[in-house]
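**Student:**
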Amino acid sequence: MLRCIPTRYSFRLFQAEEKMGTEKIPLFGVLTATVFALQMVNYPLGPGGTTGHLIGTPMLSIIFGPEAGIVGISVVLLIQALLFGDGGITTFGANALNMAIAASIVSFLTYKLMRKIFKSESGRIVSGAVAGWLGIVSAAFLCGVELGLSKSTFGYGLNITIPVMTISHAVLGIVEGAVTVSLSMHSVNISQNFSRGEGLEENVFSPFGCGFSCHINWLSRSLFFI
1 MLRCIPTRYS FRLFQAEEKM GTEKIPLFGV LTATVFALQM VNYPLGPGGT
51 TGHLIGTPML SIIFGPEAGI VGISVVLLIQ ALLFGDGGIT TFGANALNMA
101 IAASIVSFLT YKLMRKIFKS ESGRIVSGAV AGWLGIVSAA FLCGVELGLS
151 KSTFGYGLNI TIPVMTISHA VLGIVEGAVT VSLSMHSVNI SQNFSRGEGL
201 EENVFSPFGC GFSCHINWLS RSLFFI
């Protein structure tokens, strides 16, 4: 099983690179680094010390495809586990299943399905927000199932873990949806500027366009996160 993992991820990486093209790889790197920063901040969500964090998976999946979402989030989780002890090596498989694989597929399919129904510009915003919300909620639901099935170790059954994880992350999902829409819309503009030969730095950090860092800052401050 462990020997199959590098092969599978190499295949996913090849698929991701083939679909997004070499011109989008720098943008993919910037957004993956942004996801890394977003995931490192945990917020109190409910009773019993429940905390949560944004996952960023829906954003990567919508922009670059589910293969890129799976690879990008898996790399983020692995670096967090190896260098920061966040998540841990023994739980890497479960975390990757929840936040990388399941969230990527759910958010991507949700977005594609909703875009077939809502084809306007406002429909794109609604589709991105709903995909972001469902992405993080699906990951939380799976985590609740895994914790509940580990009752002998964790101490709580499915009747406790699923509602607590799902409901608390349903609230955080509103923020996930907002971040997904905001960064996805900016990335579209930046991708178009890339194709015209304009640099990444002027678009992301333009004093007029503001870019990723300003929007994350504004969103965090407005929600009293920092």
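For the sequence shown, the UniProt record's numbering gives the first residue as 1, with consecutive numbering after it. Just so you know, even glycine gets a beta-carbon here, dropped at the ideal spot from N, CA and C. All of these numbers come straight from a predicted model, not from anything done at the bench.
(1) Tell me, which residues are paired with Thr51 by DSSP?
(2) Considering only residues of the same chain and omitting the five flanking positions on each side of Phe108, which have a CB-CB separation below 6 angstroms?
(3) Find the nearest neighbour of Pro58 within the set Thr153, Glu23, Val35 and Gly85, judged by alpha-carbon distance.
(4) Using only the alpha-carbon positions, how far apart do Ile136 and Ser122 sit?
(5) What are the start and end residues of each continuous alpha helix (DSSP H) run of 4 or more residues lying completely inside the region 52-89, in chain order?
(6) With distances taken between CB atoms, is the gap from Glu177 to Gly132 smaller than 8 angstroms?
(7) DSSP three-state call for Thr22: helix, strand or coil?
(8) Leaving aside the five residues before and after Leu77 along the sequence, list all residues of the same chain whose C-beta is less than 7 angstroms from its C-beta, in chain order.
(9) Would you tell me roughly how many angstroms separate the C-alpha atoms of Thr32 and Ser168, rounded to the nearest one?
(10) Can you name, in chain order, every residue of its own chain whose Cβ lies under 7 angstroms from the Cβ of Val171, other than the five neighbours on each side?
(11) Mark Met40 as exposed unless 16 or more other C-beta atoms lie within 10 angstroms of its C-beta, in which case mark it buried.
(12) Do you know how far the Cα of Ser127 is from the Cα of Met114?
(13) Can you tell me which of the three DSSP states Tyr111 falls into?
(14) Taking the alpha carbon of Leu54 as the reference point, which residue from Ile162, Ser152 and Gly173 has its own alpha carbon closest?
(15) What first and last residue would you give for the alpha helix (DSSP H) that runs through Ile136?
(16) Excluding sequence positions up to five away, which residues of its chain have a Cβ less than 6 angstroms from the Cβ of Ser74?
(17) Give me the Cα-Cα distance between Val204 and Ala102, rounded to the nearest whole angstrom.
(18) Straight-line CA distance for Phe118 to Met185?
(19) What first and last residue would you give for the alpha helix (DSSP H) that runs through Phe92?
(20) Do you know whose CA, among Thr180, Ile89 and Val164, lies nearest Gly52's CA?
**Tutor:** Considering the structure as presented:
(1) Pro44
(2) Ser61 and Pro66
(3) Val35
(4) Their Cα atoms are separated by approximately 22 angstroms.
(5) 57-64 and 66-84
(6) Note that residue 177 is Gly in the sequence shown, not Glu. A contact, by the Cβ cut-off of 8 angstroms.
(7) DSSP, reduced to helix, strand and coil, places Thr22 within a helical segment of the structure shown.
(8) Closer than 7 angstroms at the Cβ level, and outside the excluded window around Leu77, lie Gly87, Phe92, Asn95, Ala96, Met99 and Ala100.
(9) Those two C-alpha atoms are separated by around 25 angstroms.
(10) Leu45
(11) exposed
(12) A direct Cα-Cα distance of roughly 6 angstroms separates Met114 from Ser127.
(13) helix
(14) Nearest option by C-alpha distance: Gly173.
(15) Glu121 to Leu149
(16) Ala96 and Ala100
(17) With a pLDDT of 38 at Val204, under the threshold of 50, the predicted position of this residue should be treated as unreliable, though the coordinate-derived value follows. The alpha-carbon atoms of Val204 and Ala102 are separated by roughly 30 angstroms.
(18) Between the alpha carbons of Phe118 and Met185 lies a gap of roughly 16 angstroms.
(19) Phe92 to Asn95
(20) Val164
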